[in-house]
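Before any comments, here is the structure.
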Amino acid sequence: MYSHIAISISVLLMTVDALYLNNKNVDRKFLYGLIVVTIVLYYFSLIVNQVYSKKVCRFEKIEAIILLTIFVIGALILWLVKN
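Spelled out as structure tokens, the structure:
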């Protein structure tokens, strides 16, 4: 019911993540973890809210699998870069 708040918070956190990528004094592990958590929160909120979406706007199973695959690959790349 209040998952739109999670979407708003995740969009704001994505902005913060992008701003702090240029700052050299930020702990990279925390920043990359925050990026991953923010993206998970955003897409989880979208999937939960699909109940209220029109049929045309809902995720199909193949689209969810593609998004999950891209996310896992991106998270692995971030994990490799931080080390």
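Heads up: the sequence shown runs through residues 0 to 82, numbered per numbering that gives the first Met the number 0.
Cβ atoms here follow ideal geometry from the backbone N, Cα and C, with glycine treated the same way.
Just so it is clear, the structure is predicted and the values come from calculations on it, not from any experiment.
query, result
"How close, in whole Å, do the beta carbons of Leu77 and Ile34 come, if the pair is a contact with beta carbons under 8 Å?", "7 Å"
"Please classify Thr37: is it buried, with 16 or more other beta-carbons within 10 angstroms of its beta-carbon, or exposed?", "buried"
"With respect to the alpha helix (DSSP H) encompassing Lys28, which residues constitute its N-terminal and C-terminal limits?", "27-47"
"Can you list, in chain order, the residues of its chain whose CB lies under 6 Å from that of His3, leaving out five sequence neighbours each side?", "none"
"Is the separation between the beta-carbon of Ala5 and that of Leu40 shorter than 7 Å?", "yes"
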